[in-house]
Amino acid sequence: EAQEKLYRDVLEAARGKPVTFRTIDIGGDKVLPYFKGAIQEENPALGWRAIRLTLDRPGLLRTQIRALLKASGGRELKLMLPMVTELGEIAQAREIIDREVRHLSRFAHHLPTSLKLGAMLDVPSLLFQLDELMKAVAFVPVG
Numbered sequence: 516e517a518q519e520k521l522y523r524d525v526l527e528a529a530r531g532k533p534v535t536f537r538t539i540d541i542g543g544d545k546v547l548p549y550f551k552g553a554i555q556e557e558n559p560a561l562g563w564r565a566i567r568l569t570l571d572r573p574g575l576l577r578t579q580i581r582a583l584l585k586a587s588g589g590r591e592l593k594l595m596l597p598m599v600t601e602l603g604e605i606a607q608a609r610e611i612i613d614r615e616v617r618h619l620s621r622f623a624h625h626l627p628t629s630l631k632l633g634a635m636l637d638v639p640s641l642l643f644q645l646d647e648l649m650k651a652v653a654f655v656p657v658g
């Protein structure tokens, strides 16, 4: 509920201007207290973080997606996935998003008018999949 309120407040403050939300990007240099020491990596900047972490811990992603869907009721929702390294991660995230949309629909929640999914291009390996990436998402910001 706190996340939902925060996201709704952001949308209201934007007064109809487009807002793009990024899914949680923890890991690397951004570690939550309850994740400290959970994993030791040689290269944390490209390791277990962002979309990989949330796909491994889908409860984190589901909670955020559900809050964003509820907060964006009646508006467009632009959602960006950070640190995507392969198209399979987008497919897995989309599956979780679709599941949350179905769940909220069953309980007659007011949903976004549209949902545009994007993938942040901040991992060089994704460039080799650019044609397929452009078919899989609505937008690709460069990080």
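With my numbering applied, the sequence shown covers 516 to 658.
All C-beta atoms, glycine included, are put in the ideal place defined by N, C-alpha and C.
Bear in mind that the values here come from a model prediction, so they are computed numbers and not experimental data.
One question on the structure: do Ala606 and Lys631 come within less than 7 Å of each other, judged by their Cβ atoms?
The residue labelled residue 606 in the question sits at position 91 within the sequence shown. The residue labelled residue 631 in the question sits at position 116 within the sequence shown. No, Cβ-Cβ distance for Ala606 and Lys631 is not below 7 Å.
Using 8 Å for Cβ pairs, my map puts Asp571 next to Pro597. What's the rounded Cβ distance?
Numbered from 1 along the sequence shown, position 56 holds the residue referred to as residue 571. Numbered from 1 along the sequence shown, position 82 holds the residue referred to as residue 597. Rounded, the Cβ-Cβ distance is 15 Å, inconsistent with contact.
In angstroms with no decimal places, state the Cα-to-Cα distance between Gly589 and Leu645.
Working through the sequence shown from its first residue, we reach residue 589 at position 74. Working through the sequence shown from its first residue, we reach residue 645 at position 130. Spanning the two alpha carbons is a distance of roughly 32 Å.
For Ser629 versus Glu591, is the C-beta spacing smaller than 7 Å?
For the purposes of this step, residue 629 is taken as residue 114 along the sequence shown, with counting starting at 1. For the purposes of this step, residue 591 is taken as residue 76 along the sequence shown, with counting starting at 1. Yes, the pair counts as a contact, with Cβ atoms nearer than the cut-off.
Around the C-beta of Ala586, are 16 or more other C-beta atoms found within 10 angstroms, so that it is buried, or is it exposed?
As a first step, residue 586 must be located in the sequence shown, where it is residue number 71. Answer is buried; the Cβ neighbour count reaches 16.
State buried or exposed for Val525, treating a residue as buried only when at least 16 other CB atoms are found within 10 Å of its CB.
For the purposes of this step, residue 525 is identified with residue 10 of the sequence shown, where counting begins at 1. Counting Cβ neighbours within 10 Å, Val525 comes out exposed, since fewer than 16 surround it.
Compute the Euclidean distance between the alpha carbons of Glu516 and Glu647, then round it to the nearest angstrom.
What you label residue 516 is simply residue 1 of the sequence shown in a count that begins at 1. What you label residue 647 is simply residue 132 of the sequence shown in a count that begins at 1. Between Glu516 and Glu647, the C-alpha separation is close to 36 Å.
Could you compute how far the alpha carbon of Leu583 sits from the alpha carbon of Glu519?
Looking up residue 583 in the sequence shown gives position 68. Looking up residue 519 in the sequence shown gives position 4. For Leu583 and Glu519, the distance between alpha carbons rounds to 6 Å.
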